[in-house]
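Trainee: Mind the numbering: the sequence shown is residues -28 to -1, 1 to 239 in mature numbering (1 follows the signal peptide of the UniProt record, and there is no 0), read in order.
The beta carbon of each residue, even a glycine, is placed where N, CA and C say it ideally should be.
Pasting a structure here, questions to come.
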Amino acid sequence: MPFSFPSTSHLFSLFSAFVFWFSHSSSSDQELASSRRPWADDEEHAFIAPGPGDVRSPCPALNALANHGYINRSGKEISASSLYSALTSIYHLSTPFARLLVEGGIATCGHKFERWLSLDALAAHNVIEHDASLVHDNAPLGAKFAPTNVNWSLVDDLIIAYPDGLGITHLAEARVKRESMLQDERRPELDLLHGEISHGEAALAWLLMKDARDVVSTETVRQWFGQETFPDSYLIPDEEVTLGKARKISLKIGDTMTKLKEAVNEL
């Protein structure tokens, strides 16, 4: 399948799943590891859960940045420059990828001339956000905005279903299961764009959270998806996270989902 450059909306959606890439360092690398955990001994970037009046998005990667103070802890009026800085320094996104995501987010959900956005604006239903999230409830029928609170029952479902962690095939299975529930709720299937968005989210969840076994551990699911904090094992990636890497895994997850759905239809 030839590479196709995704739309700006698609690009921004991909970073709803940005989190981290596990790194394993020896004792001789402890100083380097410490420098790649800037929040570990820094009160300024300690985890603080959102309080009254704070807003959050459906994206755990952005919410973790806010909860650790790398972008406005309130979640409000986040400038393009601070968002770009956080994405490149904490998640080590490549410069082109980060710029595309920031510009896409502001263009679709932010203030174009003032060049800022608030996290809750990203919950606008079927703009970037979509139904069948792995850990969020669907938007109420007819609602303009989707819930931003984590549904812990969905988090627990992932942990129980995949106690050894989630690989690429497991993430595809989890997405198929969530999308199958749309029919039970008499909701439409995801359209092509939002289907691709969901593949990208799952792809980045695997690409950036996978451990040495190439799976996303249950503890990572609990801490990042659920608590929206950087997992204990998180280190800033050594290598840049690029659009090309995300796109490759996204296509693999999409293909796996198609095969799983075809197998069910043949039963």
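Near E101, what residues of its chain come up, given a Cβ to Cβ distance below 7 Å and the 5 sequence neighbours on each side ignored?
Mentor: Closer than 7 Å at the Cβ level, and outside the excluded window around E101, lie P30, L94, A95, A118.
Trainee: Does the beta-carbon distance from L126 to D109 come in below 9 Å?
Mentor: Yes; because the gap between Cβ atoms is below 9 Å, this pair is in contact.
Trainee: Under 8 Å, with one C-beta from each stretch per pair, do the region 58 to 77 and the region 207 to 223 reach the 3-pair mark?
Mentor: Yes, since at least three Cβ pairs between the region 58 to 77 and the region 207 to 223 fall closer than 8 Å, the two stretches touch.
Trainee: Suppose contacts are defined by Cβ-Cβ distances below 9 Å. Is F228 in contact with A144 by that definition?
Mentor: Note on identity: in this sequence residue 228 is Thr, with Phe being the wrong assignment. Yes, these two residues count as a Cβ contact at 9 Å.
Trainee: With a 10 Å radius around its C-beta and 16 neighbouring C-beta atoms as the bar for buried, classify M153 as buried or exposed.
Mentor: M153 should be labelled exposed.
Trainee: What residue range is occupied by the uninterrupted alpha helix (DSSP H) comprising W178?
Mentor: Element bounds for W178: 164 to 181.
Trainee: In its own chain, which residues sit with a C-beta less than 7 Å from the C-beta of A52, not counting the 5 before and 5 after it?
Mentor: Answer for A52: V74, I78, R87, W88, listed in chain order.
Trainee: Nearest-angstrom Cα distance between F(-7) and L232?
Mentor: A caution first: F(-7) carries a pLDDT of 30, below 50, which makes its placement in the model too unreliable to give a value.
Trainee: Excluding the five sequence neighbours on either side, which residues of its own chain have a C-beta within less than 8 Å of the C-beta of R147, listed in chain order?
Mentor: Taken in chain order, the residues that qualify are A104, L106, S170, H171, A174, I225, M229.
Trainee: Is DSSP giving E101 helix, strand or coil here?
Mentor: Looking at E101 - three-state DSSP - the assignment turns out to be strand.
Trainee: Is residue 242 near V122, with beta carbons less than 9 Å apart?
Mentor: Residue 242 lies beyond the stretch modelled for the chain, which goes from -28 to 239, so this question has no answer here.
Trainee: On the DSSP bridge assignment, give the partners of F117 in chain order.
Mentor: Bridge partners of F117: A96.
Trainee: Go ahead and label W124 buried or exposed: buried means 16 or more other beta carbons lie within 10 angstroms of its beta carbon, across all protein chains shown.
Mentor: Its Cβ having fewer than 16 others within 10 Å, W124 is exposed.
Trainee: Mapping the DSSP letters down to three states, classify S125 as helix, strand or coil.
Mentor: Here S125 sits in helix by DSSP.
Trainee: What is the C-beta distance between L91 and L34, in whole angstroms, given that I count them as a contact (C-beta under 8 Å)?
Mentor: Indeed, because the Cβ distance is near 6 Å, the residues count as touching under 8 Å.
Trainee: Assuming S189 is part of the alpha helix (DSSP H), what are its boundary residues?
Mentor: S189 -> no alpha helix (DSSP H), and no H or E assigned at all.
Trainee: Can you tell me whether Y134 is helix, strand or coil according to DSSP?
Mentor: Note: Y134 maps to coil in three-state DSSP.
Trainee: If N44 sits next to A38, beta carbons under 8 Å apart, how far is it from one beta carbon to the other, in whole angstroms?
Mentor: With a Cβ gap of about 7 Å, N44 and A38 count as contacting.
Trainee: Measure the alpha-carbon distance for D163 versus N98 and round it to whole angstroms.
Mentor: So the two alpha carbons sit approximately 10 Å from each other.
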